[in-house]
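2 protein chains.
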Amino acid sequence: MSADRSSVRKPAAAAPATAELGLLRDDLGYLLRRAQLAVFADFGEKLAELQLRPGQFAVLIAIDHNPGVTQSDVCQLLGIQRPNFVAVIDDLEARGLARRTSSAADRRSNSLLLTAAGKRLLQRAVDLQREHESRLARRLGPGGRQTLLELLSRLANAE
Amino acid sequence: MSADRSSVRKPAAAAPATAELGLLRDDLGYLLRRAQLAVFADFGEKLAELQLRPGQFAVLIAIDHNPGVTQSDVCQLLGIQRPNFVAVIDDLEARGLARRTSSAADRRSNSLLLTAAGKRLLQRAVDLQREHESRLARRLGPGGRQTLLELLSRLANAE
DNA sequence: TATTGTTATACTCTATAACTATA
DNA sequence: TATAGTTATAGAGTATAACAATA
């Protein structure tokens with residue numbers, strides 16, 4: 091099943107000293123997964139002091155940037171299933187970082203806001219996240235980060 | 091979708107008409123996650139007929155490309171925890187796609203191989219995966235795929 | 001002692017159906 | 001009837017401790 095073009099392969103030994111990825115070296119899905127895990131791990135280290143995971147960070151950013159949004163709005167924006175969001179916002183509220191207010195206009199929905207403590211924590215988180223992004227940018231070389239953001243956006247915004 | 095009743099459509103309230111991503115638009119971790127989910131979803135559609143998830147596909151490729159590898163070898167290669175691999179290989183073996191043979195050299199370890207059925211299924215899977223990659227390449231524009239592979243490798247191989 | 005495969009376990013993330021209260 | 005938030009639940013994916021067989 092190996093069809094390497096244009097490369098003279100040494101005769102395969104009985105058992106390769108080290109296992110090889112084969113086709114996976116050029117598999118976007120595979121590399122995307124590995125890269126995402128590596129990046130999330132780095133993010134986790136960097137923001138360990140705040141006990142903030144990437145998903146929670148995204149929710150805080152979304153609320154901060156769109157004060158008064160409903161839970162459904164945030165779910166739509168971040169691609170979270172509405173039932174799964176309940177535990178997330180429960181936790182942020184229990185930690186005193188965000189709060190729900192029953193919307194006056196439509197009493198079915200909750201209006202979301204950050205508390206003062208939430209804003210302070212987010213400020214610190216954004217600083218740490220910037221350092222994290224810088225570390226990644228260094229690995230990607232000049233222009234690499236912007237190019238990568240552009241390419242990822244094309245995949246993420248596909249439908 | 092349009093409200094053609096007696097009352098006009100409610101105008102957007104204080105909140106922005108559409109919520110915005112803010113800082114997340116330039117967040118590598120966030121975009122990596124969204125892109126990976128989109129790509130895995132496309133992969134899932136494409137390979138639905140084979141009932142093969144990305145992880146299983148990766149394992150089949152790894153065994154095919156490194157016949158006789160041990161479970162630990164595959165785990166090391168793909169970044170899978172050894173305990174988690176047991177259920178994966180159990181399933182592939184139960185489906186008649188791979189098999190474990192107790193290694194003669196070191197009887198602690200299992201030697202992994204694809205069955206004839208496993209090779210046939212993988213052949214088909216690789217064909218479908220190529221179509222999947224082509225679809226992604228089209229979205230990424232000329233040169234985009236190679237550039238993305240290169241950038242992702244830098245992140246994935248970080249430590 | 002160290003390693004391979006394994007069991008047990010737990011926590012996160014994701015997905016769906018169905019309920020309630022409002023609209 | 002439809003929507004927002006919720007509950008319950010289930011399935012993947014991932015992580016660690018510990019044990020038996022083997023080295």
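Protein sequence lines, in the order shown, are assigned to chains A and B. Its first residue numbered 91, the first sequence is counted upward by one per residue in my numbering. Its first residue numbered 91, the second sequence is counted upward by one per residue in my numbering. All C-beta atoms, glycine included, are put in the ideal place defined by N, C-alpha and C.
{"Asked": "Proximal chain B residues relative to Asn174/A, where beta-carbon distance stays under 8 Å", "Found": "Chain B residues near Asn174/A: none, gap ~14 Å exceeds 8 Å."}
{"Asked": "Proximity test, Cβ basis, 8 Å: Gly233/A and chain B", "Found": "no"}
{"Asked": "Rounded straight-line distance, which links the Cα of Ala195/A to that of Arg214/B", "Found": "55 Å"}
{"Asked": "Proximity to Asp116/A [Cα-Cα], best of Val178/B, Ala227/B, Ala248/B and Pro232/B", "Found": "Ala227/B"}
{"Asked": "Delimiting residues of the beta strand (DSSP E) encompassing Thr191/B", "Found": "Ala188 to Ser192"}
{"Asked": "Val178/A vs Gln141/A beta-carbon contact at 8 Å", "Found": "no"}
{"Asked": "One or two residues paired with Asn200/B in a DSSP bridge", "Found": "Ser192/B"}
{"Asked": "Own chain partners of Thr191/A with C-beta closer than 6 Å, once the 5 adjacent residues on each side are dropped", "Found": "Ser201"}
{"Asked": "Residue-chain proximity (Leu242/A, chain B), Cβ-Cβ < 8 Å", "Found": "yes"}
{"Asked": "Interface residues of chain A facing Arg229/B [CB-CB closer than 8 Å]", "Found": "Arg244, Leu245 and Ala248"}
{"Asked": "Best match in Leu203/B, Ser243/B and Leu114/B for proximity to Val149/B [C-alpha to C-alpha]", "Found": "Leu203/B"}
{"Asked": "Whether Ile151/B touches Leu114/A by CB criterion (8 Å)", "Found": "yes"}
{"Asked": "Unbroken alpha helix (DSSP H) run spanning Glu223/A, endpoints", "Found": "Ala206 to Leu230"}
{"Asked": "Alpha helix (DSSP H) runs wholly inside the segment 133-177 of chain B, at least 4 long, in chain order", "Found": "144-155 and 161-168"}
{"Asked": "DSSP state of Thr72/A mapped onto helix, strand, coil", "Found": "Limits of chain A in this structure are 91 at one end and 249 at the other, which puts residue 72/A out of reach."}
{"Asked": "Reduced DSSP secondary structure (H/G/I, E/B, other) of Leu233/B", "Found": "It should be noted that the sequence gives Gly, not Leu, for residue 233/B. In the structure shown, Gly233/B sits in coil (DSSP, three-state: anything other than H, G, I, E or B)."}
{"Asked": "Chain-ordered neighbours of Asp217/B on chain A, where CB pairs are closer than 9 Å", "Found": "Simply none; closest approach about 11 Å."}
{"Asked": "Rounded separation between Gly231/B and Glu139/B - CA only", "Found": "28 Å"}
{"Asked": "For Arg185/B, the three-state DSSP class (helix, strand or coil)", "Found": "coil"}
{"Asked": "Simplified DSSP state of Ala131/B, which is helix, strand or coil", "Found": "helix"}
{"Asked": "Environment of Val159/A [buried if 16+ CB atoms lie within 10 Å]", "Found": "buried"}
{"Asked": "For Gly234/A and Leu167/A, the rounded distance between their alpha carbons", "Found": "26 Å"}
{"Asked": "Contact with chain B by Val178/A, beta-carbon distance below 8 Å", "Found": "no"}
{"Asked": "Val216/A to Glu135/A span [Cα, whole Å]", "Found": "14 Å"}
{"Asked": "Amino acids of chain B, ordered along the chain, whose beta-carbon sits closer than 7 Å to that of Val149/A", "Found": "Simply none; closest approach about 10 Å."}
{"Asked": "Ala246/B (DSSP reduced to helix, strand or coil)", "Found": "helix"}
{"Asked": "Beta-carbon gap between Val176/B and Leu118/A smaller than 8 Å", "Found": "no"}
{"Asked": "Interface positions of the segment 124-152 of chain B facing chain A (Cβ-Cβ less than 8 Å), listed along the chain", "Found": "Arg124, Ala125, Gln126, Leu127, Ala128, Val129, Phe130, Asp132, Phe133, Pro144, Ala148, Ile151 and Ala152"}
{"Asked": "Contacts of Thr237/B in chain A (Cβ-Cβ under 7 Å)", "Found": "Thr237 and Leu241"}
{"Asked": "Contact with chain B by Gly112/A, beta-carbon distance below 8 Å", "Found": "yes"}
{"Asked": "Glu183/A at chain B interface by Cβ criterion, 8 Å", "Found": "no"}
{"Asked": "Below-8 Å beta-carbon distance, Asn200/A vs any chain B residue", "Found": "no"}
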